[in-house]
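J.:
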Amino acid sequence: MQCPLLLLLLGLLCTVIEAQQISVNDKVTGTLGQQVNLPCTISSNDPNIRVSQIMWEKGGSSIAVFSPQHGTHVSEPTNFQLIEPSASSATLRLPSVRAADEGNYTCEVTFFPAGNRKATTKLVVSAMPLNFAQANTEAIANGEEQTVATCRSSNGRPPSQISWQTSLPGNVTTTMTNNTDGTYTVVSRYVMTPTSQADRMPITCVITHESVEVPIPLKLSVMYPPEVTVEGFDDNWHLKRNGVFLTCSAKGNPPPTSFIWKTTDGSPLPPTVRAKDNMLYVDEVDERVNRSFICEVTNALGSRAFRQDVLVREKPNYSGAGATGGIIGGIIAAIVGIAVLVTVILICRQQQKNQTAKDDEEFEGPPAYKPPPPSVKLHIEKQSDEELPLKSVLPPSESTDSQEMELNGKTPPKYQMTPESRHHSSFQSDYIEQENPIYNEYHPDNASPREEQENPIYNEYHPDNASLREEQGCVMSQAVYV
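Okay, so the sequence shown: first residue is 1 according to full-length UniProt numbering, each after it adds one.
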């Protein structure tokens, strides 16, 4: 019986506790020197439970107390206020928040007869810093390491983070100071060995405070003496040439203030030479211009000079004048050569395509016959016309007299093959048979009787068909078909 009763009492207690709620913000951010409120709201679903006291405390110490029966009490010093406290609300106000006010604050409520309940909120004090960056205008290119730019973030809370963005090599030094009001001052310096090339180069200081980035772009300022060059001499100053000049170019920080033209030996400038600021004009080139000229430039850091040697020629130097034209001509020739090469390649490819198409068309027909190579190579000595046997003339035949007389009254000669000529013809036939076997199909000596009957064309061209040849008055020669 005791266990069920205990469980019943615990259930009633949990129900009573859930009936009362205290609501506060988990985190409140206040700006240094400005007002901030910490709300505390009380709610109860049981009308039989009442609020007897509301108290704010920090670090275990009471700050402000409110009681419906006894009113409000605020601890000294009076840096805190309760705004319109009641049984359902007690907001703690800090009129001018300080860095020391940062911390955890607890709102504790006493319920009767349920007991005490509390909730905690965190106060964070922040301060926006004052950001500033500048380049060192007194950096000098003297080979020593110096501070060329400074970036400062003052009176911020929490402390700022500073970084640099630049392509110049260097080192960064950073210092942080705790101020009496709880803020921080961060100073970052970019240190390097300045050179004339670093003058007016960009550099950016990036200040990050509470995830907010503030970039400050700068341009470096490096002081250096003048850097001097002389232009205008093309190595083609010849006698009687007019209108040539030299230009003295200089840069420096601070800018150059004077340009002085003079000769190396200290003598006056030739009569045909005129100096004006950074320009040296030569009205007409003569032997007196054949010397060295010096351009001296001065700024606040000192003077620098540049010497230009002038060689006067007796006659014009066309090689130098045509150098530019030669370069341009070479470029044009190269372009034309490339164009011709591309054209030739395209033409060759087109011809290859046409040849391929032609070959494909030939392959579509019957395959061409390619005779096999002979097994034995024969060596034939060609006989001269004097060594060849003559064909004998056949005597006229009685059976053909009437036919012969009809041929314009003239009798055509008749020929017959001698044994030597027949032997020579047989030798040629054997050679042709070995060189080209297809000849065997059409050679008259190899024809069978069946071929004579089935192929009238054969009978027409057969050598034994003498009557036909005699009637036509011609001699048939052997033919080879390939």
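Every residue gets a Cβ at the ideal spot worked out from N, C-alpha and C, and that includes glycine.
Keep in mind it's a predicted model, so treat the numbers as computed, not measured.
Looking only at C-alpha atoms, which of PRO194, VAL36, ILE83, ASN278 sits nearest to LYS122?
T.: Mapped onto the sequence shown, residue 122 falls at position 122. Closest by alpha carbon: VAL36.
J.: So is SER319 in contact with chain C if we call contact Cβ pairs under 7 Å?
T.: Judged by its chain identifiers, the structure shown contains no chain C, having just a single protein chain.
J.: Is it buried or exposed, PRO129, if we count other Cβ atoms within 10 angstroms and call 16 or more buried?
T.: Position 129 of the sequence shown, counted from the start, is the residue given in the question as residue 129. Result: buried.
J.: Give, in chain order, every unbroken run of the beta strand (DSSP E) that is at least 3 residues long and sits entirely within the UniProt domain "Ig-like" (129-221).
T.: 130-135, 146-156, 161-165, 171-178, 184-192, 202-209, 212-219
J.: Enumerate in chain order the residues of its own chain whose CB-to-CB distance from ALA100 is below 7 Å, with the five nearest sequence positions on each side excluded.
T.: In the sequence shown, residue 100 corresponds to position 100, counting from 1. Contacts found: GLY182.
J.: Given a cut-off of 7 Å, decide if ILE54 and ILE22 are closer than it, judged by their beta-carbon atoms.
T.: Taking the sequence shown and counting its residues from 1, the one referred to as residue 22 is at position 22. Taking the sequence shown and counting its residues from 1, the one referred to as residue 54 is at position 54. No, the Cβ-Cβ distance between ILE22 and ILE54 is not below 7 Å.
J.: Quick one: grab the DSSP three-state call for GLU460.
T.: Taking the sequence shown and counting its residues from 1, one reaches residue 460 at position 460. Any answer about GLU460 is weak, because its pLDDT of 47 lies below 50 and its placement is not dependable; what the coordinates show is given next. Helix.
J.: Apart from the five residues on each side of it in sequence, which residues of its chain come closer than 7 Å, Cβ to Cβ, to ARG157?
T.: Stepping through the sequence shown from its first residue, residue 157 is reached at position 157. Excluding residues within five positions, the ones whose Cβ falls inside 7 Å are LEU32, ALA99, VAL125, SER126, ALA127, GLY182, THR183, TYR184.
J.: Over what stretch of residues does the beta strand (DSSP E) that includes LEU311 continue unbroken?
T.: Within the sequence shown, residue 311 is the residue found at index 311, counting from 1. Premise fails: LEU311 is in no beta strand (DSSP E) and is neither H nor E.
J.: Pairing CB atoms from the stretch 223-235 with CB atoms from the stretch 285-300, are three or more of them under 8 Å?
T.: yes
J.: By the three-class DSSP mapping on this structure, what secondary structure does GLY337 have?
T.: In the sequence shown, residue 337 corresponds to position 337, counting from 1. Three-state DSSP puts GLY337 in a helix.
J.: Please look up how many angstroms separate the CB atoms of SER75 and ILE63, rounded, as I've assumed it's under 8 Å.
T.: Locating residue 75 in the sequence shown gives position 75, where the first residue counts as 1. Locating residue 63 in the sequence shown gives position 63, where the first residue counts as 1. Indeed they touch by this definition, with Cβ atoms about 6 Å apart.
J.: What would DSSP say about LEU346, mapped onto helix, strand or coil?
T.: If you number the sequence shown from 1, residue 346 lands on position 346. Correct three-state label for LEU346: helix.
J.: Identify which residue in ASN104, LEU311, ASN236, ARG274 has its Cα closest to the Cα of ALA119.
T.: Stepping through the sequence shown from its first residue, residue 119 is reached at position 119. Out of ASN104, LEU311, ASN236, ARG274, ASN104 has the C-alpha closest to the C-alpha of ALA119.
J.: Among HIS238, ARG117, ILE338, GLY330, which one has its Cα closest to the Cα of VAL289?
T.: Walking along the sequence shown from the start, residue 289 turns up at place 289. Of the listed residues, the one whose Cα sits closest to VAL289 is HIS238.
J.: Whole angstroms is fine: what's the gap from GLU284's alpha carbon to CYS295's?
T.: As a working mapping, residue 284 is identified with position 284 in the sequence shown. As a working mapping, residue 295 is identified with position 295 in the sequence shown. Looking at the two C-alpha atoms, the distance is approximately 20 Å.
J.: Assign TYR431 to one of three DSSP states: helix, strand, or coil.
T.: Position 431 of the sequence shown, counting from 1, holds the residue named residue 431. Note that TYR431 scores a pLDDT of 47, beneath 50, so its modelled location is shaky; the value from the coordinates is reported in the next line. TYR431 falls in the helix class under three-state DSSP.
J.: With a CB to CB cut of under 6 Å and the five nearest residues on each side skipped, what residues in its chain are close to ASN136?
T.: As a working note, residue 136 is residue 136 in the sequence shown. Cβ neighbours of ASN136 beyond the five flanking positions: THR147, VAL148.
J.: Among ASN317, SER292, THR72, which one has its Cα closest to the Cα of ASP309?
T.: Along the sequence shown, one-based indexing puts residue 309 at 309. Measuring from the Cα of ASP309, the nearest candidate turns out to be SER292.
J.: Tell me which same chain residues have a C-beta within less than 8 Å of the C-beta of ALA139, skipping the five on either side of it?
T.: Within the sequence shown, the letter at position 139 stands for residue 139. Hits under 8 Å: GLN146, THR147, VAL148, PRO194, LEU220, SER221, VAL222, MET223.
J.: Output needed for ASN317: all residues of its chain with C-beta closer than 8 Å, excluding positions within five of it in sequence on either side, in chain order.
T.: Residue 317 sits at position 317 when you count from the first residue of the sequence shown. Once the five neighbours on either side are set aside, the close Cβ partners of ASN317 are ASP235, ASN236, HIS238.
J.: Within the continuous beta strand (DSSP E) that includes ASP277, where are the two ends?
T.: Numbered from its first residue, the sequence shown carries residue 277 at position 277. No beta strand (DSSP E) holds ASP277; DSSP gives it neither H nor E.
J.: Output the distance between the C-alpha atoms of ILE335 and ARG307, rounded to the nearest integer angstrom.
T.: Position 335 of the sequence shown, counted from the first residue, corresponds to residue 335. Position 307 of the sequence shown, counted from the first residue, corresponds to residue 307. Cα-Cα distance, rounded: 40 Å.
J.: Please determine if the stretch 262-275 and the stretch 199-216 are in contact, where contact requires at least 3 C-beta pairs separated by less than 8 Å.
T.: no
J.: Do LEU82 and PHE66 have their C-beta atoms closer together than 7 Å?
T.: If you number the sequence shown from 1, residue 82 lands on position 82. If you number the sequence shown from 1, residue 66 lands on position 66. Yes.
J.: Whose C-beta lies closer than 6 Å to the C-beta of GLY232 among residues of the same chain, with five residues either side of it excluded?
T.: Residue 232 sits at position 232 when you count from the first residue of the sequence shown. Excluding residues within five positions, the ones whose Cβ falls inside 6 Å are PHE245, LEU246, THR247.
J.: Please state the DSSP three-state secondary structure of ALA250.
T.: Sequence index remark: in the sequence shown, residue 250 carries index 250 (1-based). Here ALA250 sits in strand by DSSP.
J.: So, ARG117 versus PHE132, is the Cβ gap smaller than 7 Å?
T.: The residue labelled residue 117 in the question sits at position 117 within the sequence shown. The residue labelled residue 132 in the question sits at position 132 within the sequence shown. Inclusion of ARG117 and PHE132 in the CB contact set at 7 Å is not warranted, their separation being larger than that value.
J.: Would you say ILE203 and THR166 are within 7 Å of each other, going by their C-beta atoms?
T.: Looking up residue 203 in the sequence shown gives position 203. Looking up residue 166 in the sequence shown gives position 166. Yes, Cβ-Cβ distance for ILE203 and THR166 is below 7 Å.
J.: For the candidate residues MET192, SER188, PRO39, THR180, whose alpha-carbon lies nearest to that of GLU144?
T.: Along the sequence shown, one-based indexing puts residue 144 at 144. It is MET192.
J.: Name the two residues that bound the continuous beta strand (DSSP E) containing ILE49.
T.: Locating residue 49 in the sequence shown gives position 49, counting from the first residue. Note, ILE49: premise wrong, no beta strand (DSSP E); not H, not E.
J.: Exposed or buried, which one is ASN253 when buried takes at least 16 other CB atoms within 10 Å?
T.: Position 253 of the sequence shown, counted from the start, is the residue given in the question as residue 253. Counting Cβ neighbours within 10 Å, ASN253 comes out buried, since at least 16 surround it.
J.: For ASN278, count neighbouring Cβ atoms within 10 angstroms of its own Cβ and tell me buried if that reaches 16, exposed if not.
T.: The residue labelled residue 278 in the question sits at position 278 within the sequence shown. Classification of ASN278: buried, given that the 10 Å Cβ count is 16 or more.
J.: Taking the CB atoms as reference points, tell me whether VAL187 and SER160 lie closer together than 7 Å.
T.: As a first step, residue 187 is located in the sequence shown; it is residue number 187 there, counting from the start. As a first step, residue 160 is located in the sequence shown; it is residue number 160 there, counting from the start. No, the Cβ-Cβ distance between VAL187 and SER160 is not below 7 Å.
J.: Measure the Cβ-Cβ separation of PRO114 and ILE216 and say whether it is below 7 Å.
T.: By 1-based counting over the sequence shown, the position of residue 114 is 114. By 1-based counting over the sequence shown, the position of residue 216 is 216. According to the sequence as given, residue 114 is Ala; it is not Pro. Cβ distance not < 7 Å, so ALA114 and ILE216 don't count as in contact.
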